[in-house]
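Before any comments, here is the structure.
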Amino acid sequence: RTAITRALEMGQTYRQVQMMSKHKDPKTVMRYDHGRENLDQNAVNFLKYDEE
3 RTAITRALEM GQTYRQVQMM SKHKDPKTVM RYDHGRENLD QNAVNFLKYD EE
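According to my numbering, the sequence shown is numbered sequentially starting from 3.
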């Protein structure tokens, strides 16, 4: 894992990580957010629907 990924995993904001890494485009920082990608992919597994 990169320092950017680790900082995001530890709860730093995109803006804080962007400033640390000196990336000009915030989208570049977002590419390193693997943990959030995993949550988005797995969030559906936590939803429960009432059967009618």
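Cβ coordinates follow ideal geometry from the N, Cα and C atoms, glycine included.
Small disclaimer: the values here were computed from a predicted structure and weren't measured.
Which of helix, strand or coil does DSSP assign to M2?
Any property of residue 2 remains undetermined from this structure, which presents the chain solely from 3 to 54.
Classification of Q18 by the beta-carbon crowding that lies within 10 angstroms, buried from 16 upward
exposed
Rounded to whole angstroms, how far is the Cβ of T15 from the Cβ of H36, which I believe are closer than 8 Å?
With a Cβ gap of about 16 Å, T15 and H36 do not count as contacting.
Put M32 into one of helix, strand or coil per three-state DSSP.
helix
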